Amino acid sequence: RKEVEQDPGPFNVPEGATVAFNCTYSNSASQSFFWYRQDCRKEPKLLMSVYSSGNEDGRFTAQLNKASQYVSLLIRDSQPSDSATYLCAVKSTGNQFYFGTGTSLTVIP
Amino acid sequence: NAGVMQNPRHLVRRRGQEARLRCSPMKGHSHVYWYRQLPEEGLKFMVYLQKENIIDESGMPKERFSAEFPKEGPSILRIQQVVRGDSAAYFCASSTGQGLVSYNEQFFGPGTRLTVL
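Same order as they appear, the protein sequences are chains A and B.
Residues in the first sequence are numbered from 19 upward in steps of one, following the numbering used here.
Residues in the second sequence are numbered from 1114 upward in steps of one, following the numbering used here.
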């Protein structure tokens, strides 16, 4: 079983839609959780860390459910500029990070 | 700008040659990670290093690939006798590695795109 799994999509949504991505992880001892954004042929960029209490940054909200071992990202009022691949990352014990294969999002104007 | 630096950005090699990829972590970061990304695929962990130590190389192919992070200078990912299947984007990331206090986010460099002819 993979350490981190994501639905690859693609998600094609109209501008203004709300879209949600889920990510599941296999190691219950995982400590830290992150969402990254990757644009085509560029490096991943940290979008937000995911705290146990959940966190919000503008139109983006991240939630963590440790009991069910999943992490979610919600994007409200999606914009064409949000089109990218969203990567879920999980830090296990010992400082190794595991990345999902990413979920592709296209926001259509 | 104290971001993660990688060079070269693009590298072309013929089969059988050696490729050397360099990564300078962000200022204050002592942990370096190397990842490989094939077209249309996710990031695959290769190796995790601290200064002068390889902590985890479980993702590194057993032959032809090696990595180091010397006391002075950048981290180096070395691929000997490259083959066409080595063509990929190689990303380096760094983190502070501070225990439980810091959240330990990883920050990525721009990557090196290796093309093997």
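Beta carbons are placed, not taken as given, at the ideal position from N, Cα and C, and that holds for glycine.
Remember, it's a predicted structure, so these values are computed and weren't measured experimentally.
So, helix, strand or coil for residue i, using DSSP?
i, result
"Ser-1188(B)", "strand"
"Arg-1149(B)", "strand"
"Asp-1169(B)", "strand"
"Pro-26(A)", "coil"
"Pro-1087(B)", "Examination of residue 1087(B) is not possible in this model, given that chain B is present from 1114 through 1230 alone."
"Val-1214(B)", "Low confidence applies to Val-1214(B): its pLDDT is 41, below 50, so where it sits in the model is not reliable enough to give any reading."
"Asp-57(A)", "coil"
"Arg-1197(B)", "helix"
"Phe-98(A)", "The question names Phe, but residue 98(A) is Pro in the sequence shown. Reduced to three states, the DSSP call for Pro-98(A) is helix."
"Tyr-69(A)", "coil"
So, is the C-beta of residue i closer than 8 Å to a C-beta in chain B?
i, result
"Pro-28(A)", "no"
"Phe-78(A)", "no"
"Tyr-88(A)", "no"
"Gln-114(A)", "yes"
"Pro-62(A)", "yes"
DSSP has residue i in a bridge; who is on the other side?
i, result
"Val-1117(B)", "The partner list for Val-1117(B) (beta bridge, DSSP) is empty, contrary to what the question assumes."
"Lys-1157(B)", "Arg-1149(B)"
Thinking residue i and residue j are a contact (beta carbons under 8 Å), I'd like their distance in whole angstroms, please.
i, j, result
"Met-1159(B)", "Trp-1147(B)", "4 Å"
"Gln-56(A)", "Thr-119(A)", "Actually they are not in contact, since the Cβ atoms of Gln-56(A) and Thr-119(A) sit about 11 Å apart, beyond 8 Å."
Answer with yes or no whether the minimum CB distance from residue i to chain A is below 8 Å.
i, result
"Met-1118(B)", "no"
"Gly-1222(B)", "yes"
"Glu-1170(B)", "no"
Could you pull out every residue in the same chain whose Cβ sits closer than 8 Å to the Cβ of residue i, ignoring the five residues on either side in sequence?
i, result
"Leu-1124(B)", "Ala-1132, Leu-1134, Thr-1225, Arg-1226, Leu-1227, Thr-1228"
Using a Cβ cut-off of 8 Å (strictly closer), state whether residue i contacts chain D.
i, result
"Tyr-1203(B)", "Going by chain labels, chain D is absent from the structure shown, which instead holds the protein chains A and B."
Can you name, in chain order, every residue of its own chain whose Cβ lies under 7 Å from the Cβ of residue i, other than the five neighbours on each side?
i, result
"Ser-1179(B)", "Arg-1191"
"Leu-1162(B)", "Val-1145, Ile-1168, Ala-1180, Phe-1182, Ser-1188"
CB-CB under 6 Å to residue i, same chain, minus the five flanking residues each way: which ones, in chain order?
i, result
"Gly-1129(B)", "Gln-1194"
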